[in-house]
Structures are given as structure tokens and as C-alpha cells.
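> Counting in our numbering, the sequence shown runs from 1 upward without gaps. Yeah, the Cβ is synthetic: ideal placement off N, Cα and C, and Gly gets one too.
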Amino acid sequence: MDAKTVAAHWEGNAETWTIYSRAGHDKYRDALNTPAFLEMLPPVAGLKGLDLGCGEGTNTRAVARLGARMTGLDIAPTFLRYGRETEEQDPLGIDYVLGDGQTIGFPDASFDFVTAFMSMMDMADQQGVLKEVARVLKPGGFLQFSILHPCFVPPTRRNIRDERGEAVAVQVADYFDETEGRIERWLFSDIPAEERARLTPFSIPRFHRTLSTWVSMIVGAGLVIEAFGEPMASEEVAAAEPVVADTRVAPIFLHIRAVRP
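#1: Would you kindly check if the distance between the Cβ of His255 and the Cβ of Met40 is under 8 Å?
#2: Measure from the alpha carbon of Arg135 to the alpha carbon of each residue in Val114, Leu148 and Pro192, then state which is nearest.
#3: Measuring only the C-alpha atoms, how far is Leu92 from Ala23?
#4: Quick test of your reading: Ala258 and Leu143, contact by CB under 8 Å. State the CB separation rounded to the nearest angstrom.
#5: Kindly give me the distance between the Cβ atoms of His9 and Ile191, rounded to whole angstroms, as I take these residues to be in contact under 8 Å.
#6: Note down, one range per segment and in chain order, each alpha helix (DSSP H) of at least 4 residues found wholly within the region 41–95.
#7: Straight-line CA distance for Gly165 to Gln89?
#8: Under a Cβ-count criterion, where at least 16 other Cβ atoms within 10 Å of its own Cβ denotes burial, should Arg61 be classed as buried or exposed?
#9: DSSP puts Leu187 in a beta bridge; with which residues?
#10: Using a 10 Å radius around the Cβ and a threshold of 16 neighbouring Cβ atoms, would you call Arg198 buried or exposed?
#11: Excluding the 5 residues preceding and the 5 following Ile160 in the sequence, name in chain order all residues of the same chain whose CB lies nearer than 8 Å to its CB.
#12: Buried or exposed, going by whether 16 or more other CB atoms sit within 10 Å of the CB of Leu312?
#13: When burial is assigned at 16 or more other CB atoms within 10 Å of the CB, is Trp186 buried or exposed?
#14: Along the chain, where does the alpha helix (DSSP H) that runs through Ile256 open and close?
#15: In this structure, what does DSSP give as the bridge partners for Ala169?
#16: Which word fits Val153, buried or exposed, when buried means at least 16 other C-beta atoms lie within 10 angstroms of its C-beta?
#17: Counting pairs of beta carbons, one from the region 230–240 and one from the region 124–133, are three or more of them closer than 8 Å?
#18: Do Gly46 and Gly72 have their C-beta atoms within less than 8 Å of each other?
#19: Name the residue from Arg29, Thr5, Asn13 and Gly105 whose alpha carbon lies nearest to the alpha carbon of Leu52.
#20: In whole angstroms, give me the CA-to-CA distance for Arg157 and Ile218.
Okay, structure coming up:
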């Protein structure tokens with residue numbers, strides 16, 4: 001599957017995704033994943049950053065509020081329209097541009113850092129993307145990205161629950177199946193049933209890689225791994241948002257930071 005096909009899938013998702021994520025239904029993002037990502041992020045005030053696969057810009061804006069000068073890049077025009085409309089209403093100095101990670105349309109050494117919130121595992125040529133990221137980073141600049149955890153969310157995963165419906169274990173399979181655009185279809189789990197029945201599920205191409213492949217690709221792009229993060233919901237967060245409680249059994253997300261020497 002090529003980047004053009006990936007773009008078509010995400011453009012088809014963008015309207016529903018934006019409406020329902022902005023309505024608070026992306027619980028994993030809002031309650032756990034983004035806060036953990038930002039806690040791991042080095043200081044970015046005064047730095048120039050690129051948010052790769054920015055979507056409608058929620059996370060881009062979060063980084064901009066830390067003082068960074070941000071550019072958001074995405075393959076879906078509808079996402080960018082929402083991001084630009086929000087920038088007009090609440091200016092943070094963010095530029096939103098259309099493009100994909102395989103051909104980032106900026107000169108060498110353009111950015112102090114690059115972020116990618118839950119987008120890299122949906123990109124067709126991850127090795128090429130990482131090389132492009134390394135190219136546009138300044139020496140000493142860093143990439144920080146989050147993905148589905150390769151070890152605990154491979155192509156086949158199932159929560160095992162007790163009699164109360166609480167997750168107590170995770171069953172995983174097909175870890176070594178490095179898929180090339182396998183389509184996964186789902187909606188945010190807490191959208192009310194009567195609304196779900198009227199919606200078309202998201203159509204998400206996924207390019208699963210093993211952990212060793214991710215490490216090899218990062219190193220092969222000339223980057224040096226600096227930090228890993230595996231966010232787990234606290235007891236308080238899990239009680240407030242029960243949907244994320246399964247991250248106390250095994251991590252769902254992996255955060256990686258790597259530096260261009």
C-alpha cells in the first residue's frame with residue numbers, strides 16, 4: 001500500500017474522527033497517552049518543531065502552548081481544514097501543511113525537533129520516513145513519537161476480563177506478522193450505541209513492525225535512541241476513565257525519543 005492510498009483512507013476518516021475526538025471520545029489520548037508524551041518531552045520553548053501526522057491539530061496545539069513554533073503536516077485535507085479553522089479562532093502561530101512523511105517538503109536541518117503522535121505505525125514506508133525526519137532535523141535535534149506498543153498490540157490482541165468485566169490479562173498473537181497496510185475498522189469505544197449504529201467505522205491502514213525492526217529502522221536513519229516510555233494509567237486515572245484501565249495490565253503505547261547526532 002502506498003502513501004496515496006493511505007491518504008485516501010485517512011481523508012475518509014477525518015470528519016468523523018475530528019467531531020468525536022473533539023467531543024471527548026478519544027479517552028486513551030486525552031486521559032493517558034498525550035499527557036504522558038508531554039511529560040516525557042524535553043523543553044521546547046523557543047524551538048521550531050514539526051508535528052508529523054498532525055491530524056486536526058489537538059496535539060500540535062498542546063506542544064505550541066509549551067512555547068514551540070509549530071508546523072503541522074498531514075496527508076488528509078479535512079484534518080488540515082479543521083486545524084486551520086482553529087488556528088484562526090485561537091492563534092498559536094501554527095502553520096498547517098499538506099504532505100506525507102516520505103517526502104517532507106522542507107530543506108535540510110529545518111527543525112529543532114519533530115513529534116509524531118500515534119501516526120508512524122500508519123505510514124507506509126517507515127524507514128523512508130525516519131530518514132526524512134533525520135534530514136530535516138538540525139544536528140542535536142530530536143524526534144519523539146508514540147505508536148501502538150509492538151509487543152502488546154500486535155495484529156491480534158484481546159483483553160481477558162474477569163467476571164466483573166475488568167481486564168486481568170492480555171492475549172497477543174501474530175507479533176512477527178509485519179503487515180503492509182492491513183485495514184483495521186473501529187470507532188471510539190464509548191460513543192453511545194445509537195450513534196455508533198449510524199456511523200461508518202474508521203478505516204485505518206496499519207503497518208505493524210516488531211520492536212527490533214523499529215530499533216533497526218531508527219538506528220539505520222542515523223538517529224540515536226535516547227528514551228523509551230510505556231505509559232500506564234494511575235489508579236486514579238483508571239478509576240476516572242475505566243476504558244484506560246487495561247494499560248495497568250500491559251502497555252498499549254510505546255513512546256520513543258531519538259536524537260540526530
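According to the structure data:
#1: Cβ distance < 8 Å, so Met40 and His255 count as in contact.
#2: Of the candidates Val114, Leu148 and Pro192, the residue whose Cα lies closest to the Cα of Arg135 is Val114.
#3: Their backbone Cα atoms lie some 21 Å apart in a straight line.
#4: Yes, they are in contact, since the Cβ atoms of Ala258 and Leu143 sit about 5 Å apart, within 8 Å.
#5: Contact annotation, His9 with Ile191: C-beta distance approximately 20 Å; criterion of less than 8 Å not satisfied.
#6: You should have 58–64 and 77–89.
#7: Annotation: Gly165 to Gln89 spans about 43 Å, alpha carbon to alpha carbon.
#8: Its Cβ being crowded by 16 or more others within 10 Å, Arg61 is buried.
#9: Its beta-bridge partners do not exist; DSSP assigns none.
#10: The residue is exposed, with fewer than 16 neighbouring Cβ atoms inside 10 Å.
#11: The residues Ala167, Val168, Ala169, Val170 and Gln171, in chain order, have a CB closer than 8 Å to that of Ile160 in the same chain once the five nearest residues on each side in sequence are set aside.
#12: What the structure shows of the chain is the stretch from 1 to 261, and residue 312 is not part of that stretch, so it cannot be assessed.
#13: Under this definition Trp186 is an exposed residue.
#14: Note, Ile256: premise wrong, no alpha helix (DSSP H); beta strand (DSSP E) at Phe253 to Val259.
#15: Ala169 is bridged to Ile160.
#16: Answer is buried; the Cβ neighbour count reaches 16.
#17: Contact check between the region 230–240 and the region 124–133: fewer than three CB pairs, one atom from each, fall below 8 Å, which does not count as touching.
#18: No.
#19: Ranked by Cα distance from Leu52, the first of Arg29, Thr5, Asn13 and Gly105 is Gly105.
#20: Cα to Cα, the separation comes out at about 25 Å.
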